[in-house]
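Undergrad: First, the structure itself, so that you have it in front of you.
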Ligand SMILES: NC(=O)c1ccc[n+]([C@@H]2O[C@H](COP(=O)([O-])OP(=O)(O)OC[C@H]3O[C@@H](n4cnc5c(N)ncnc54)[C@H](O)[C@@H]3O)[C@@H](O)[C@H]2O)c1
Ligand SMILES: [Zn+2]
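Numbering (our numbering), first residue to last: 3 to 274.
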């Protein structure tokens, strides 16, 4: 399995990297698998009986901003402090060695690919990014970079500072697609998607390695992206790395392990 994956990587002219929350696990970040996984990461919400879906809702910025910003401020700080694991660099090394083109498609909002040195113009963040802000109303279609300092009380999970829109003075919020969200401004993601579509059109006939890591089946956007390329493009092969739900039909490759371990094993197999 690893040697087959290594052969695909060795021959790849183009890389598409698709990543869900599990990609961050080896950097020490939580995924939110089910209520249990979410509560393990955030015990205060277990005490309040609130799920990820309850917390990731734009209504809090309107009705209880310090609560809304408690969750997102905590995550902003966590993602700012996180160092991307070695796996990010292993893939970059493969891309550079093959002199290949690449694109990243991720449902993560944590900015870890940019932090690991991937080109911002070759990334689609399908659910937006925590590092960008927008007005909660919104009073305009403006988004702006999140350079706010947002201390959070980790017992109450309330923010001690709630960032505001410079234009109208209302509370602002991350430019992330939340649940039941009618106010998300999608322009940044749409521009990224447009670049990605052009990239795929240009490279449709080339040897493409799709490397999927940590993408769950609960919200299957990323898995669907992988499969669309894998099944529709003639010379594309997908490698799905996931410790719990790695299934994908041959000729695509299923690797039942963590992202970092899987990438290291493929890298070792390439040297053989
Ligand atoms: N860091 C972030 O930006 C972040 C964090 C949590 C959730 N989210 C987003 O919220 C939504 C739901 O989140 P979710 O946690 O249910 O995501 P998810 O449904 O993508 O599930 C996580 C997946 O990662 C796998 N996984 C666990 N450990 C792994 C490892 N070490 N290596 C590789 N894979 C591993 C799990 O088996 C699961 O399939 C998604 O859109 C997700 O991107 C983003
Ligand atoms: Zn405003």
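Where is the CB? At the ideal position from N, CA and C, for every residue including glycine.
1) Given residue 115, which residues of its chain have a CB within under 6 Å of its CB, disregarding the five upstream and five downstream residues?
2) At a cut-off of 7 Å, is residue 53 close to ligand 1 when judged by its beta-carbon and the heavy atoms of the ligand?
3) Around ligand 2, which residues pass a check of Cβ closer than 5 Å to any of its heavy atoms?
4) Keeping to the same chain, check which residues put their C-beta closer than 7 Å to that of residue 265; ignore five residues upstream and five downstream.
5) Check for me: the alpha helix (DSSP H) holding residue 44 runs from which residue to which?
6) Is residue 56 near ligand 1, judged by its Cβ being under 7 Å from some heavy atom?
7) Expressed to the nearest angstrom, what Euclidean distance is found between the alpha-carbon atoms of residue 160 and residue 110?
8) Are there any heavy atoms of ligand 1 lying less than 7 Å away from the beta-carbon of residue 109, as far as the coordinates show?
9) Suppose you measure from the CA of residue 184 to the CA of residue 4; what does that come to, to the nearest Å?
10) Return the residue from the list 123, 157, 158 and 236 that minimises the CA-CA distance to residue 192.
11) Would a C-beta distance cut-off of 8 Å place residue 10 and residue 241 closer than the cut-off?
12) What span of residues does the beta strand (DSSP E) with residue 176 cover, start to end?
13) Does the beta carbon of residue 245 fall short of 7 Å from some heavy atom of ligand 1?
14) When DSSP labels each residue in this structure, what does residue 259 get in the three-state scheme?
15) Looking at the structure shown, is residue 93 part of a helix, part of a strand, or coil, going by DSSP?
16) Short check: CB of residue 239 to CB of residue 211, under 8 Å?
17) Would residue 48 pass as a contact of residue 32 if the rule is Cβ separation under 8 Å?
18) Taking residue 63 as the reference, give the member of 153, 140 and 250 with the closest Cα.
19) Just mark residue 220 as buried or exposed, buried being the case when its beta carbon has 16 or more other beta carbons within 10 Å.
20) What residues are listed by DSSP as bridge partners for residue 130?
21) Entirely within the stretch 188 to 221 and at least 4 residues each: give me those alpha helix (DSSP H) ranges in chain order.
TA: To lay it out plainly:
1) For this step, residue 115 is matched to residue 113 along the chain shown. Same-chain partners within the cutoff: 106 and 125.
2) In the chain shown, counting from the first residue as 1, residue 53 sits at position 51. No - ligand 1 has no heavy atom lying nearer than 7 Å to the Cβ of residue 53.
3) Matched residues: 137, 141, 167, 169, 170 and 172.
4) Start at 1 with the first residue of the chain shown, and residue 265 comes out as number 263. So the qualifying residues of the chain are 89, 92 and 93.
5) On the chain shown, position 42 is the one that residue 44 refers to. Unbroken run through residue 44: none, as it is neither H nor E.
6) In the chain shown, the residue the question calls residue 56 occupies position 54. Every heavy atom of ligand 1 is 7 Å or more from the Cβ of residue 56, so no.
7) Within the chain shown, residue 160 is the residue found at index 158, counting from 1. Within the chain shown, residue 110 is the residue found at index 108, counting from 1. Between residue 160 and residue 110, the C-alpha separation is close to 23 Å.
8) By one-based count along the chain shown, residue 109 stands at place 107. Look at residue 109: its beta carbon is less than 7 Å from one of the heavy atoms in ligand 1.
9) In the chain shown, the residue the question calls residue 184 occupies position 182. In the chain shown, the residue the question calls residue 4 occupies position 2. Near 44 Å, if we compare the C-alpha coordinates of residue 4 and residue 184.
10) Here residue 192 is taken as the residue at index 190 of the chain shown, counted from 1. Minimum Cα distance to residue 192 is reached at 123.
11) Taking the chain shown and counting its residues from 1, the one referred to as residue 10 is at position 8. Taking the chain shown and counting its residues from 1, the one referred to as residue 241 is at position 239. Closer than 8 Å, so yes.
12) Within the chain shown, residue 176 is the residue found at index 174, counting from 1. 174 to 178 is the extent of the beta strand (DSSP E) around residue 176.
13) Translated into the one-based positions of the chain shown, residue 245 becomes position 243. Yes, Cβ of residue 245 sits closer than 7 Å to a heavy atom of ligand 1.
14) If you number the chain shown from 1, residue 259 lands on position 257. The answer is coil: DSSP assigns residue 259 none of H, G, I, E or B.
15) As a working mapping, residue 93 is identified with position 91 in the chain shown. Annotated three-state conformation of residue 93 is helix, per DSSP.
16) Position 237 of the chain shown, counting from 1, holds the residue named residue 239. Position 209 of the chain shown, counting from 1, holds the residue named residue 211. The answer is yes: Cβ separation under 8 Å.
17) Taking the chain shown and counting its residues from 1, the one referred to as residue 48 is at position 46. Taking the chain shown and counting its residues from 1, the one referred to as residue 32 is at position 30. Going by C-beta atoms, residue 48 is not nearer than 8 Å to residue 32.
18) On the chain shown, residue 63 is found 61 positions in, with the first residue counted as 1. Ranking 153, 140 and 250 by Cα distance to residue 63 puts 140 first.
19) For the purposes of this step, residue 220 is identified with residue 218 of the chain shown, where counting begins at 1. Taking a 10 Å sphere around the C-beta of residue 220, we find fewer than 16 other C-beta atoms and assign the residue as exposed.
20) Taking the first residue of the chain shown as position 1, residue 130 is located at position 128. BP columns for residue 130 point to 178.
21) Here the runs fully enclosed are 189 to 205.
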